[in-house]
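Input: a single structure, listed below in structure tokens.
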Amino acid sequence: MPVDPQTGRAAVAAWLTDPSDAAARRTAVRFTLGLLAQAAPGRTVEVRVPPDGVVQAVAGPRHTRGTPPNVVQTDPATWLRLVTGGTTWADAVADGAVLAAGVRSDLSEWLPLPGLR
4 MPVDPQTGRA AVAAWLTDPS DAAARRTAVR FTLGLLAQAA PGRTVEVRVP PDGVVQAVAG
64 PRHTRGTPPN VVQTDPATWL RLVTGGTTWA DAVADGAVLA AGVRSDLSEW LPLPGLR
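Here my numbering is used: the first residue of the sequence shown is 4, the next is one more, and so on.
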């Protein structure tokens with residue numbers, strides 16, 4: 004179920020203020036995953052942010068069964084830092100905070116998401 008924009012933006016702001024707020028974090032992750040899916044529509048890359056959410060995004064060949072060939076996985080705090088501009092894609096990948104597999108798994112074109120900081 005999509006998170007409405009007002010609630011989502013409030014959750015991002017609350018998480019930026021208090022990163023220990025688990026409810027805000029969960030809502031912020033789900034909201035921003037939805038924003039990514041809008042910004043990069045498609046089903047080529049599965050973006051996993053356990054335990055808070057997952058989305059398929061990015062145009063290209065559609066994945067239908069089994070393990071997707073293009074997967075991005077990270078923890079909620081890293082994801083929220085990526086989408087708000089608190090860290091860069093290159094730094095997060097280099098630090099091992101983001102695991103990106105597959106030729107289409109580079110999300111740097113869409114991150115940070117506009118208007119979240």
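Glycine included, C-beta positions come from ideal geometry on N, C-alpha and C.
query	result
Three-state secondary structure (DSSP) of residue 15	helix
Neighbourhood of residue 104 by C-beta distance below 6 Å, restricted to the same chain and skipping five residues each side	74
Where the alpha helix (DSSP H) containing residue 58 begins and where it ends	Counting along the chain, residue 58 falls outside any alpha helix (DSSP H), though it belongs to the beta strand (DSSP E) covering 56-60.
Exposed unless 16 or more other CB atoms sit within 10 angstroms - verdict on residue 53	exposed
Presumed contact (8 Å Cβ cut-off) between residue 5 and residue 37, rounded CB distance	5 Å
Nearest neighbour of residue 71, chosen from 106, 117, 113 [CA to CA]	106
Cut-off 7 Å between Cβ atoms - residues of its own chain near residue 19, not counting five sequence neighbours on either side	87
From 79, 24, 118, residue whose alpha carbon lies closest to that of residue 50	79
Sub-7 Å separation of residue 61 and residue 47 beta-carbons	yes
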